[in-house]
Amino acid sequence: MSHFYLVKNQKLVRNLPFFYRFLFLLLLLLQAPYSFAQWTRQQNAYKPRAEMVNVLYQDKMYSFGGIGTWPLVEPVPEVYDPVQNKWQLLAPMPTGKTVTHQGIVVVDDKIWHIGGRLDSTLGPLTSEVWIYNVTQNNWTKGPELKHPVTGKPIPWGGGGAALIGRTIHVVGGFIYTTCKSDQDQYHLTLDVDKWLANPQRTTWESKLAPMPIKRNHFSTIVFNGRMYVLGGQFGHDCGGGQDQKYSHVYNPLTDKWTQLADLPTVRSHCEASTFAADGKIYLVSGDGGPKNFTRFNPEANNGRGSWTDLPSFTLPRAFTAVSAKVIGKQLILAGGRPYNKHLPLIETYSAPFGRHNALKLGFLENCFTRQVESKEEIKVKNLLFTLEGEKQYRLSSSASWLKITKNAAGTALPSGTYVEATIAAAGLAPGSYQAVITAKGFGSGKAYADAQFCVNLKITKGSSLLAVTKTGNGSVTTSPSKKIYDYGEKVKLTAKAANGYTFVNWSGDASGSQNPLTIFLKGDRKITAHFRQKEPELTTVRINAGGYTQTIKGIIWGAALLVVIAKTTWREVLPAVRIQI
28 MSHFYLVKNQ KLVRNLPFFY RFLFLLLLLL QAPYSFAQWT RQQNAYKPRA EMVNVLYQDK
88 MYSFGGIGTW PLVEPVPEVY DPVQNKWQLL APMPTGKTVT HQGIVVVDDK IWHIGGRLDS
148 TLGPLTSEVW IYNVTQNNWT KGPELKHPVT GKPIPWGGGG AALIGRTIHV VGGFIYTTCK
208 SDQDQYHLTL DVDKWLANPQ RTTWESKLAP MPIKRNHFST IVFNGRMYVL GGQFGHDCGG
268 GQDQKYSHVY NPLTDKWTQL ADLPTVRSHC EASTFAADGK IYLVSGDGGP KNFTRFNPEA
328 NNGRGSWTDL PSFTLPRAFT AVSAKVIGKQ LILAGGRPYN KHLPLIETYS APFGRHNALK
388 LGFLENCFTR QVESKEEIKV KNLLFTLEGE KQYRLSSSAS WLKITKNAAG TALPSGTYVE
448 ATIAAAGLAP GSYQAVITAK GFGSGKAYAD AQFCVNLKIT KGSSLLAVTK TGNGSVTTSP
508 SKKIYDYGEK VKLTAKAANG YTFVNWSGDA SGSQNPLTIF LKGDRKITAH FRQKEPELTT
568 VRINAGGYTQ TIKGIIWGAA LLVVIAKTTW REVLPAVRIQ I
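Residue numbers (our numbering): 28 to 608.
Below you can see the structure in the form of structure tokens.
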């Protein structure tokens with residue numbers, strides 16, 4: 028007999044003889060520390076609901092949908108503020124669009140509801156997407172789930188949705204019908220920013236690897252820059268609903284799924300009671316483990332992780348389909364239903380949750396190795412994240428050949444921010460190089476530990492850059508003419524002076540006046556060609572050396588005179604006479 032039953036049946040207790048009333052009171056007092064010592068009853072929610080979806084936003088817990096009066100979906104969402112210990116009703120979902128079994132993600136101050144079952148837990152699937160605006164407390168329609176090629180709608184529900192970077196991922200679940208239709212055909216993605224900029228021309232894509240073991244009703248969480256899908260069941264309607272132990276993780280940089288350690292017991296219906304705290308993932312209650320409080324350590328078992336049931340947490344009752352989230356140092360439980368009963372609850376509980384906050388930045392990949400010719404320019408993409416909370420950051424590079432070219436500064440989030448660095452190795456000789464990208468937090472709030480990733484670079488064939496400049500009036504041609512040359516490549520430079528100018532010499536990484544000049548590029552070179560204006564050219568002509576006079580063009584020349592021809596075109600013909608020709 029539970030505490031809840033006794034309190035609700037006080038008349039029965041009052042009618043008992045004193046001895047039995049005393050005995051019941053004693054049993055109640057003995058029971059309370061065992062079952063409820065950790066838990067404090069908080070304000071009840073306004074609406075009973077089970078199998079809801081929920082998210083945290085600004086340290087408040089938002090609950091949507093869920094089964095109210097069986098089998099109908101509760102259309103009015105609500106939000107719980109643990110500081111005020113108050114629930115608040117929110118704007119209901121649009122008429123006829125109330126759903127359960129939907130995917131849910133938070134993008135900025137918007138909460139996306141993707142697909143689901145319409146109106147009741149027995150209702151048809153929908154392909155529609157509806158977006159709740161937290162700031163404005165209203166709903167708008169989002170991009171419908173459609174086949175990327177045919178454009179036909181894809182009704183979907185019971186699967187997982189996650190935001191990684193600024194891309195929404197939709198995996199698993201069932202499509203078209205809920206009867207034997209678990210799917211491993213699609214891994215749908217949507218670039219949120221592209222859709223916001225151009226909603227008419229941006230659609231869902233399906234280019235990534237689908238879940239390796241198809242199932243529904245699994246927990247989905249983004250943690251450590253990866254998407255985790257935990258537990259679940261095979262089938263749903265038509266005799267389905269076989270709970271499973273499977274756990275997988277998806278790496279968005281490699282587009283690969285990895286199977287993790289199995290859960291201790293089969294588990295499903297923990298979608299709203301899965302959360303991350305202090306570097307671990309927790310699952311609370313659910314089908315297959317209604318009294319279990321289970322922790323996953325992702326670093327154990329050589330990366331396959333390990334699961335542990337924590338007997339130190341004794342739940343107030345055997346739940347399934349309950350909401351559970353950690354806010355600050357409190358674990359909040361709300362709603363759900365007693366195990367194996369369709370009796371949705373309005374109860375809210377809190378319990379102390381010891382914290383060892385993992386306030387640090389992290390990169391999804393620790394190191395990259397690239398082998399290139401130095402004339403190549405390639406990009407390296409990584410995902411920067413926080414384990415918890417958000418923090419402003421700046422990136423820096425330890426090498427000039429590794430330049431940060433995307434999101435060099437911004438806000439790091441648990442959902443991640445894609446950053447990009449470009450390897451610009453032109454001019455590097457063959458050999459091995461290493462550089463490090465560092466992310467540092469800054470600004471107000473708590474300090475976060477730095478994060479780093481390395482880039483190991485091997486140049487198999489070096490290259491060189493040739494920069495040619497000039498002084499004066501002229502030009503220089505190179506043969507062959509390229510932007511980037513192979514390391515050690517032979518190049519001929521030819522200087523050509525303009526009219527009235529002459530080539531003088533080379534300077535910089537070449538010298539002398541040899542023209543053309545042949546060089547071998549072993550590394551970057553800077554060479555300058557110098558041109559100079561010509562000096563006036565003087566020519567002395569001895570005319571009439573024979574000692575007698577001559578008449579040339581009507582001019583009488585005397586004996587032994589000199590004619591000096593200069594650039595001025597003046598010619599001296601007599602000691603005191605000048606004529607211009």
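Beta carbons are placed, not taken as given, at the ideal position from N, Cα and C, and that holds for glycine.
Through-space distance from residue j to residue i, alpha-carbon basis
i                 : j              : result
arginine 552      : asparagine 526 : 28 Å
threonine 148     : alanine 348    : 13 Å
asparagine 434    : lysine 473     : 22 Å
leucine 360       : glycine 306    : 21 Å
isoleucine 373    : arginine 68    : 11 Å
glycine 609       : asparagine 324 : Since the first residue of the chain shown is 28 and the last is 608, residue 609 is not available in this structure.
histidine 30      : tryptophan 66  : Reliability of the predicted coordinates at histidine 30 is poor, the pLDDT of 34 falling under 50, and no value is obtained from them.
glycine 389       : threonine 247  : 20 Å
lysine 517        : leucine 544    : 11 Å
proline 563       : tyrosine 528   : 11 Å
lysine 87         : threonine 465  : 33 Å
glycine 185       : glycine 458    : 52 Å
phenylalanine 250 : serine 442     : 7 Å
valine 134        : valine 80      : 16 Å
serine 427        : aspartate 513  : 20 Å
glycine 330       : threonine 204  : 36 Å
leucine 57        : alanine 303    : A caution first: leucine 57 carries a pLDDT of 41, below 50, which makes its placement in the model too unreliable to give a value.
leucine 164       : lysine 113     : Correcting the residue type first, residue 164 is asparagine in the shown sequence and not leucine. Each residue's Cα considered, the two are about 17 Å apart.
glycine 187       : glutamine 129  : 8 Å
glutamine 286     : isoleucine 158 : 32 Å
lysine 561        : glycine 550    : 35 Å
leucine 152       : threonine 127  : 9 Å
valine 591        : lysine 402     : Legend: pLDDT at valine 591 = 46, less than 50; position of this residue unreliable, value from coordinates given subsequently. Between valine 591 and lysine 402, the C-alpha separation is close to 59 Å.
asparagine 15     : leucine 455    : Here the chain has residues from 28 to 608 only, and residue 15 is not among them.
threonine 216     : histidine 557  : 59 Å
glycine 539       : isoleucine 511 : 25 Å
Residues that residue i bridges to, as DSSP identifies them
i              : result
cysteine 481   : Cys394, Val463
glutamate 404  : Ala451
cysteine 265   : Beta-bridge pairing links cysteine 265 to no other residue.
histidine 140  : Ile131, Trp157
asparagine 324 : Ser333
lysine 352     : Ile359
valine 446     : Asn409
arginine 344   : Paired residues: none, contrary to the question.
arginine 68    : Tyr376
methionine 254 : Val249, Tyr277
Cβ neighbour criterion (16 or more within 10 Å) applied to residue i
i                 : result
arginine 382      : exposed
threonine 413     : buried
alanine 224       : exposed
threonine 177     : exposed
serine 16         : Shown here, the chain extends from 28 to 608; a query on residue 16 therefore has no answer.
alanine 317       : According to the sequence displayed, residue 317 carries proline and not alanine. Flag for proline 317 reads buried.
glutamate 101     : buried
glutamate 78      : buried
asparagine 409    : buried
leucine 422       : buried
threonine 375     : buried
alanine 351       : buried
proline 104       : buried
arginine 76       : buried
cysteine 394      : exposed
phenylalanine 346 : buried
serine 312        : buried
Unbroken beta strand (DSSP E) run spanning residue i, endpoints
i              : result
histidine 275  : 274-278
lysine 430     : 429-433
arginine 242   : Where arginine 242 is concerned, there is no enclosing beta strand (DSSP E), given that its DSSP letter is neither H nor E.
histidine 196  : 194-198
isoleucine 546 : 544-548
proline 379    : 375-379
arginine 559   : 552-560
glycine 437    : 436-439
glycine 535    : 528-535
glutamine 419  : 418-424
Any non-hydrogen atom of the ligand MN closer than 6 Å to residue i Cβ
i           : result
alanine 118 : Absent from the structure shown: the ligand MN. Ligands present: none.
At which residue ranges does the region 210-238 contain complete beta strand (DSSP E) runs of 3 or more residues, listed in the order of the chain? With a minimum length of 3 residues, the continuous beta strand (DSSP E) runs that stay inside the region 210-238 are 214-218.
Minimum length 3: unbroken beta strand (DSSP E) runs contained in the region 71-105: The region 71-105 contains these whole beta strand (DSSP E) runs: 80-84, 87-91.
Ignoring anything shorter than 4 residues or poking outside the region 474-521, list the alpha helix (DSSP H) runs there in chain order. none
To test your reading of the DSSP string, which unbroken beta strand (DSSP E) runs of 3 or more residues are found completely within the region 161-193? 165-168, 187-191
Whole runs of the beta strand (DSSP E) within the region 273-317, excluding any shorter than 3 residues: 274-278, 283-286, 301-304, 307-311
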